[in-house]
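Quick note, the sequences are listed as chains A and B, same order. When you number the first sequence by the numbering used here, it's gap-free, plus one each residue, and the end is 354. When you number the second sequence by the numbering used here, it's gap-free, plus one each residue, and the end is 354. By construction, the Cβ of each residue, glycine as well, lies at the ideal position given by its N, Cα and C atoms. One structure is given below, encoded as structure tokens.
2 protein chains.
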Amino acid sequence: MPSATPVSPKIRPDESLADSVVFNDIVSAAATLRGIAHRSPVLTSRAIDTLTGASVMLKCESFQRVGAFKFRGAYNAISQLPGNANGVLAYSSGNHAQGVALASAMLGVRAVIVMPADAPAVKIAATRGYLEAGGAQTGSVKGSEVVTFDPATTVREELGARIAEERGLAIVPPYDHPHIIAGQGTAAMELIEDHGPFDALYVCCGGGGLLSGSAIASRAMQPGCRVVGVEPELGDDVTESFRTGVLHAVHRPPTIADGARTPRPGRYTFPIIRRDVDAMMTVADDELRSAMRLVFERMKLVVEPSGVLGLAGVLRDAKERPELVRGRRIGVLLSGGNVDPAEFSGLISGGGRA
Amino acid sequence: MPSATPVSPKIRPDESLADSVVFNDIVSAAATLRGIAHRSPVLTSRAIDTLTGASVMLKCESFQRVGAFKFRGAYNAISQLPGNANGVLAYSSGNHAQGVALASAMLGVRAVIVMPADAPAVKIAATRGYLEAGGAQTGSVKGSEVVTFDPATTVREELGARIAEERGLAIVPPYDHPHIIAGQGTAAMELIEDHGPFDALYVCCGGGGLLSGSAIASRAMQPGCRVVGVEPELGDDVTESFRTGVLHAVHRPPTIADGARTPRPGRYTFPIIRRDVDAMMTVADDELRSAMRLVFERMKLVVEPSGVLGLAGVLRDAKERPELVRGRRIGVLLSGGNVDPAEFSGLISGGGRA
């Protein structure tokens, strides 16, 4: 049974927004990111190939700067800021905050990051670290800071909008912007350049920035490839929207995949997904735990729960729809590796079907 | 205060045995291993470079087949078996068991692996898996098996010797053999080929197979490089033997670095270490925990306690003897990544100076 429900009043996406990003925007983003973002390594695992009967290539964005693909979109967006902006603002307690912090410091752009005061202390500290040191490369930019708020009394969007207005800052959204989508698309572009064409490409889906960018790259570079978006069962807003054509939402999905707790698809990302993605599927949190444990044990990699969504999708399909997987060349994006030690310990040691 | 004590009667190593392995043996081993062992990736970390003030290159043998460098020496040794051997025998509860199991299966050689019945079930299962499937490549060899014994009533060396004699098997020692040393030396050789010359090379030391092979490779390829062996404080047998020139031993060192719990230096490895290694040092178990947590958090890598000995040595020197580290190009071997989820969780979450 779906977790997501239709938003009211019923909203059909504006299909014309799918044209806001074209493949050439991803090519341009790749030029912007050359020498700046890592060309992250692509690893394989005999254990995973044996389990699936396929040849699976995993693009490890866990090794990307700030530990996740989010740096790509943030840097691409901030490097194209309108001239009248005094800087940027982002609200996020996750990888987007760190991506914007590092990218803005590297570009010498002032950045305000709005984070809940109860976010993990290590994440706040890491974000401050990037703002202050620019990854030890550039030093701090005047006026850059982390602003914390009490989530019990404050709505972050309102606080963010007020600060942005007062200080003349441009808001950098976590996924729903053409420059973000184009930046995220460079990860799949690299994977296809290095090891494509693939028969299928499995991509995690939260707000859909990585998925929509990947789908555009794949459609242009390997039109015969099946592009699959994978969401957590408990946060199946994109899957249900995709299935029905009507916008669905899940309020605070209680999944362990914290990077995919976005409540609804984006205005830009969703029309692209509807047009260029072949299938959406969901996986249970237990399947994410199993996949995390598999990459821990057999690949010696630390990947966060959202980061294994694509792999969990391949493993599920290998069991339930083997004709889609056996003998195929399959690309997977492992999207990030930022997870607290205590949380990671609980996830790999605890239950699940490992 | 040293943990190791001189063995009685006092033993001075046979220096002539240092000539049992020459650089050309490592070159030959590399040819044997080409296309068989992985050329493991070398990763860097801005966080580690910032912490140390150096340029540190980490060779990730955690990505090697069976998850540790041990595969290199095992394959090299088994591929040079004398013609009259009916197969091989190894006793080990660790990475050596898995290395011998996979290498023998790949070479079509019968292997008996003697393991204590109380070894972690996953390790026994993994070793059986390699024997049975040869990494899903070759299938099982007739007569290959894991033999378990009760460590309370049985001395493994005696059991191993009896089975080897009865079945005509050659014993493959975990470190103290010229073919093993030559095989292990290929890891440093690759690192130096790809990124050398280095100012210093930090290598973990258990029985000294990896360290002695690395020292021979380094001496030949980059004679000006300082080669440092790093042991756990609680198992400082090689360090004390190195310092005094007299063989020291530690009975069952209680360190978390299970790969470095060897009681004493080898007959072959030690004379090489005395001749070609510039310094031995020890690090505390807490420093190993910190280093594991650092590579977990900042590099998203799973490395076992013994695997971070070299890195912990660099971090210690960066603090206490910065003149040896700052501004230098430093090579480090991360030797393996085989650690149980529960154990890993305890190590990265628990105490330590992270």
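Helix, strand or coil at residue i [DSSP, three-state]
i: residue 2/B; result: coil
i: residue 169/B; result: coil
i: residue 330/B; result: strand
i: residue 112/A; result: strand
i: residue 351/A; result: A caution first: residue 351/A carries a pLDDT of 47, below 50, which makes its placement in the model unreliable, though a value can still be read off. Residue state, collapsed to three classes: coil.
i: residue 69/A; result: coil
i: residue 223/A; result: coil
i: residue 43/A; result: strand
i: residue 269/B; result: helix
i: residue 55/B; result: strand
i: residue 130/A; result: helix
i: residue 279/B; result: strand
i: residue 91/A; result: strand
i: residue 145/A; result: strand
i: residue 337/B; result: coil
i: residue 81/A; result: coil
Sub-9 Å separation of residue i and residue j beta-carbons
i: residue 276/B; j: residue 234/B; result: no
i: residue 160/B; j: residue 114/B; result: yes
i: residue 180/A; j: residue 76/A; result: yes
i: residue 202/A; j: residue 310/A; result: yes
i: residue 295/A; j: residue 45/A; result: yes
i: residue 71/B; j: residue 30/B; result: no
i: residue 149/B; j: residue 335/B; result: no
i: residue 174/A; j: residue 92/A; result: yes
i: residue 13/A; j: residue 267/A; result: yes
i: residue 232/A; j: residue 282/A; result: yes
i: residue 164/B; j: residue 330/B; result: no
i: residue 4/B; j: residue 269/B; result: no
i: residue 228/B; j: residue 278/B; result: yes
i: residue 105/A; j: residue 126/A; result: no
i: residue 54/A; j: residue 224/A; result: no
i: residue 301/A; j: residue 191/A; result: no
i: residue 172/B; j: residue 78/B; result: yes
i: residue 280/A; j: residue 243/A; result: yes
i: residue 287/A; j: residue 312/A; result: yes
i: residue 162/A; j: residue 116/A; result: no
i: residue 216/B; j: residue 26/B; result: yes
i: residue 122/B; j: residue 317/B; result: no
For residue j and residue i, believed in contact at Cβ under 8 Å, the rounded distance
i: residue 305/A; j: residue 258/A; result: 7 Å
i: residue 170/A; j: residue 82/A; result: 7 Å
i: residue 73/B; j: residue 183/B; result: 3 Å
i: residue 325/B; j: residue 178/B; result: That pair is no contact at about 33 Å.
i: residue 345/B; j: residue 345/A; result: 3 Å
i: residue 18/A; j: residue 272/A; result: 5 Å
i: residue 247/B; j: residue 2/B; result: Contact doesn't hold; Cβ gap of about 13 Å is too wide.
Which listed residue (the options) has its alpha carbon closest to that of residue i
i: residue 141/A; options: 339/A, 125/A, 101/A, 271/A; result: 101/A
i: residue 48/B; options: 40/B, 204/B, 42/B, 57/B; result: 57/B
i: residue 398/B; options: 117/B, 119/B, 145/B, 4/B; result: Since the first residue shown for chain B is 1 and the last is 354, residue 398/B is missing from the structure and cannot be characterised.
i: residue 319/A; options: 9/A, 50/A, 28/A; result: 50/A
i: residue 186/A; options: 228/A, 61/A, 94/A, 12/A; result: 61/A
i: residue 263/B; options: 207/B, 222/B, 74/B, 269/B; result: 207/B
i: residue 338/B; options: 11/B, 222/B, 256/B, 18/B; result: 256/B
i: residue 42/A; options: 63/B, 274/B, 345/B; result: 63/B
i: residue 265/A; options: 230/A, 176/A, 79/A; result: 176/A
i: residue 147/B; options: 2/B, 90/B, 230/B; result: 90/B
i: residue 65/B; options: 84/B, 78/B, 79/B, 33/B; result: 33/B
i: residue 80/B; options: 109/B, 317/B, 120/B, 312/B; result: 109/B
i: residue 118/A; options: 99/A, 98/A, 94/A; result: 94/A
i: residue 40/B; options: 226/B, 67/B, 221/B, 323/B; result: 67/B
i: residue 16/B; options: 342/B, 293/B, 274/B; result: 274/B
i: residue 261/A; options: 241/A, 205/A, 52/A, 111/A; result: 205/A
i: residue 321/A; options: 245/A, 35/A, 52/A; result: 52/A
i: residue 23/A; options: 222/A, 303/A, 1/A, 292/A; result: 222/A
i: residue 166/B; options: 188/B, 88/B, 297/B, 198/B; result: 88/B
i: residue 131/B; options: 212/B, 120/B, 103/B; result: 103/B
i: residue 59/A; options: 303/A, 323/A, 343/A; result: 303/A
Under 8 Å from the C-beta of residue i: neighbouring residues of chain C
i: residue 349/B; result: No chain C appears in this structure, whose protein chains are A and B.
| In chain order, which beta strand (DSSP E) runs of at least 3 residues are fully inside the region 180 to 258 of chain B? | Segments of the beta strand (DSSP E) lying fully in the region 180 to 258 of chain B: 200 to 204, 226 to 232.
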